[in-house]
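Per the UniProt record's numbering, the sequence shown starts with residue 1, numbered consecutively. From the three backbone atoms N, C-alpha and C, an ideal C-beta is built for every residue, glycine too. On a predicted model such as this, the values are computed, not experimentally measured, just so you know.
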Amino acid sequence: MPAATLTRDEVVERILAAFRRYGYEGSSLSRLSEATGLGRSSLYHYFPNGKEDMASAAMAAVGAWFTQNVLCTLQGRDAPAQRLQRFAGKLTEYYANGFAPCLMDVFTIGEAGSLFQQHLGGRMRALMSLLAAVAEEAGVDKVEAAIRAENAVVSIQGSLIVSRAIGNNGPFLRMIENFPGNLVGVQAD
1 MPAATLTRDE
11 VVERILAAFR
21 RYGYEGSSLS
31 RLSEATGLGR
41 SSLYHYFPNG
51 KEDMASAAMA
61 AVGAWFTQNV
71 LCTLQGRDAP
81 AQRLQRFAGK
91 LTEYYANGFA
101 PCLMDVFTIG
111 EAGSLFQQHL
121 GGRMRALMSL
131 LAAVAEEAGV
141 DKVEAAIRAE
151 NAVVSIQGSL
161 IVSRAIGNNG
171 PFLRMIENFP
181 GNLVGVQAD
């Protein structure tokens, strides 16, 4: 689609892809311009504060998608293990079977880390809180549920990094397979 006909959401989607590929510091305005097909003046029209605004828009888009498509699976009346299996399935979709990097990961490095640490930390704590609540609902003690939830997030992020580093998504897929059992003590079907 020609850049002139892109909506702001489509521009953000292309910016997000560039940030996932190159990281914050590696996504120069030239690369972001190339990724969107827009000149710098057009980028500044959409994002008056430049790259920081673009990164904030990318994080907001990911946050909205993640809330609507992934985090929602943790709520409901189904058994906790079933909800966790759906959650794991949505993680698999979002991370392209473990091949796509996590935006939160690439935004914790360098300048982006200092710019977005508070926001990213809040997102991580919110995710851990939701996972701990599901574990508690499954009968796990509150303190143990918090520890397991933190370990679960570490496993998600760690498996993504290891999978990318070795060029094999096996670590991510094994983490997904064991995710419900590791959090609530029930193995996936």
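query                                                                                                                                                                          : result
For residue 161 and residue 101, I'd like the C-alpha separation in whole angstroms.                                                                                           : 8 Å
Helix, strand or coil for residue 275? Go by DSSP, reduced to three states.                                                                                                    : This structure gives no information on residue 275, because the portion of the chain shown stretches from 1 to 189.
I'd like to check one pair, residue 130 with residue 74: are the Cβ atoms closer than 7 Å?                                                                                     : yes
Report yes if the C-beta distance between residue 235 and residue 136 is below 7 Å; otherwise report no.                                                                       : The structure shown does not extend to residue 235, since the chain is modelled only from 1 through 189, so no value can be given for it.
Excluding the 5 residues preceding and the 5 following residue 61 in the sequence, name in chain order all residues of the same chain whose CB lies nearer than 8 Å to its CB. : 9, 12, 13 and 16
Just to check my reading of the structure: residue 85 and residue 171 have Cβ atoms closer than 8 Å, yes? What is that Cβ distance to the nearest angstrom?                    : Actually they are not in contact, since the Cβ atoms of residue 85 and residue 171 sit about 19 Å apart, beyond 8 Å.
Please list the terminal residues of the continuous alpha helix (DSSP H) segment that includes residue 6.                                                                      : First-last for residue 6: undefined, no H or E at that position.
If you compare alpha carbons, which of 133, 147, 35 and 166 is closest to residue 99?                                                                                          : 166
Would residue 133 and residue 183 qualify as a contact pair, given that the criterion is a beta-carbon distance under 7 Å?                                                     : no
Taking only three categories from DSSP, how would you classify residue 139?                                                                                                    : coil
Do you know how far the Cα of residue 108 is from the Cα of residue 55?                                                                                                        : 12 Å
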